[in-house]
Amino acid sequence: MIGSGCIFRHRHSFTIHTYRPGGGRYGYSKYPGGLHMIILPSRLKNTVVAYLHARSQLSSRGYIVGGNWDYEMGYFDYLLDDSTRTNYLRIPFYACKGSIEDKNGIIRMGNPYLLSVYDRMGLACSRVDEDERGIPASYINRGMELLEQAEEALLGS
1 MIGSGCIFRH RHSFTIHTYR PGGGRYGYSK YPGGLHMIIL PSRLKNTVVA YLHARSQLSS
61 RGYIVGGNWD YEMGYFDYLL DDSTRTNYLR IPFYACKGSI EDKNGIIRMG NPYLLSVYDR
121 MGLACSRVDE DERGIPASYI NRGMELLEQA EEALLGS
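The letter at position 95 of the sequence shown is residue 95 when you use UniProt numbering, and the numbering goes up by one with no holes.
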């Protein structure tokens with residue numbers, strides 16, 4: 001379900017919006033810059049797989065292991081290009097057995113989501129432009145296509 005129970009940890013304060021079916025949302029704003037996310041329904045959620053297999057299958061499709069990983073958790077990120085903000089399809093994962101760099105490490109996939117980050121540094125008192133709200137439909141559609149491909153790579157059709 002889109003918008004259900006997301007826990008998001010980050011080192012910086014951003015605007016965070018969790019979108020729910022029907023358009024409802026809640027948000028928190030502290031500093032300029034912003035973050036929007038849409039949680040995507042997926043067959044990958046709670047899938048248990050060997051880390052090296054998942055990394056091999058997803059990296060061959062353009063995913064990278066995002067920079068905020070540690071030995072217990074991480075993210076497979078797919079960069080969606082945009083000139084004004086950074087957009088990702090992000091698939092979180094958590095170590096179930098061993099660590100993620102173990103040759104025999106086992107991971108459990110989390111709930112995938114689209115993430116859009118933009119930087120408005122120096123504009124602390126400015127209003128958010130209408131085009132900075134949410135994630136454009138073209139990225140939502142592309143993210144869903146990429147997620148289906150990732151599901152097929154890891155789970156089969």
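The beta carbon of each residue, even a glycine, is placed where N, CA and C say it ideally should be.
Nothing here was measured: the structure is a model prediction, and the numbers come from that model.
Can you look up residue i in the DSSP assignment and give me helix, strand or coil?
i, result
"ASN87", "strand"
"SER59", "helix"
"TYR71", "coil"
"LEU154", "helix"
"ASP42", "According to the sequence provided, residue 42 is Ser. The question's Asp does not apply to it. Coil, per DSSP."
"ILE140", "helix"
"CYS125", "Interpretation of CYS125 is limited by its pLDDT of 42, a score under 50 that renders its predicted location unreliable; the figure taken from the coordinates is listed afterwards. Coil."
"GLU148", "helix"
"GLY105", "coil"
Quick check: residue i and residue j, are their CB atoms within less than 9 Å of each other?
i, j, result
"LEU40", "LEU154", "no"
"ARG108", "PHE76", "no"
"ASN141", "LEU115", "no"
"SER42", "GLU151", "yes"
"VAL49", "ILE106", "yes"
"ILE38", "TYR113", "yes"
"GLY143", "LEU80", "yes"
"GLY110", "ASN104", "no"
So, under 8 Å CB-CB, residue i and residue j are touching, yes? Tell me the CB distance rounded to an integer number of Å.
i, j, result
"ILE146", "TYR51", "The sequence shown places Leu at residue 146, rather than the Ile named in the question. Going by Cβ atoms, the distance from LEU146 to TYR51 rounds to 20 Å, so no, they are not a contact pair."
"ILE135", "HIS53", "With a Cβ gap of about 30 Å, ILE135 and HIS53 do not count as contacting."
"ARG90", "GLN149", "At roughly 15 Å, the Cβ-Cβ gap does not stay under 8 Å, so ARG90 and GLN149 are not in contact."
Less than 9 Å between CB atoms is the rule here; does residue i satisfy it with respect to chain B?
i, result
"ALA150", "Any reference to chain B falls outside this structure, which holds one protein chain only."
Task: contact_flag[the segment 91-111, the segment 68-80] where n(CB pairs < 8 Å) is 3 or more - done: yes
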